[in-house]
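Comments concern the structure below.
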Amino acid sequence: MRMKHMTQNQTQSASANKKISTYLTMIVFIVMALAVTALVIAAETYLAGDQLAAGALAGIGLIALVLSVFLLYQSKLQSAQVKIEAPKVMTTIECKCGDKTVREFQRGDYVYKELDVPCQKCPTTHQMITAIFKEVKEKEKTYNV
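Residue numbers for the sequence shown, in the numbering used here: 28 to 172.
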């Protein structure tokens, strides 16, 4: 069974995204509460007889309520689309005879570690880890015409 491990940077960026989302959600709910308060005050003002002030408060309340619901919807939609891909870490294994293989990184790998796995070309010698690197994907090139 293979397990995916998140690096410390990925964990920090994921928690930063959650914090931003939490702060944004909190602000949106505060604006919603203020919008509902404005609508309640608008209703009381309308019943008191001041229709101009009631209309202004109702307009402000409705606009704030609609904008906060839209912002909440968009932030949830956008956070669902964000994907963090863990980079693929590779290990280069070499033998004294020049045989070179590349495989995925395994826990416990380090540079100059001698492996108990014999070489395929010369079975009497053992292989050694010579490099550990992150596989870099080339970004898709876009051309403006």
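Glycine included, C-beta positions come from ideal geometry on N, C-alpha and C. Bear in mind that the values here come from a model prediction, so they are computed numbers and not experimental data.
Pick from the options that is closest to residue i, judged by C-alpha positions
i    : options                  : result
I120 : D143, P114, S95 and L104 : D143
R130 : C149, L84, M53 and F160  : F160
E112 : T118, F56, V138 and K164 : K164
M117 : E71, T72 and A158        : A158
L99  : V55, Q147 and T49        : V55
V58  : V96, K148 and K103       : V96
G86  : Y139, G125 and A69       : A69
Per-residue burial, residue i [other beta carbons within 10 Å of its own, 16 or more giving buried]
i    : result
T151 : exposed
M28  : The pLDDT assigned to M28 is 35, lower than 50, so where the model puts this residue is not dependable; a value taken from the coordinates is nonetheless given after this. Counting Cβ neighbours within 10 Å, M28 comes out exposed, since fewer than 16 surround it.
Q154 : buried
I156 : buried
C122 : buried
C146 : buried
L79  : exposed
Beta-carbon separation (whole angstroms), residue i vs residue j, contact threshold 8 Å
i    : j    : result
L66  : G88  : 4 Å
E162 : K115 : 4 Å
D3   : K148 : This structure cannot speak to residue 3, because the chain is shown only from 28 to 172.
Sufficient close CB pairs (3 or more, under 8 Å) joining the stretch 58 to 73 to the stretch 83 to 94: yes
Ranges of the alpha helix (DSSP H) found wholly within the stretch 53 to 140, counting only runs of at least 4: If we require 4 residues or more, the alpha helix (DSSP H) runs fully inside the stretch 53 to 140 come out as 78 to 108.
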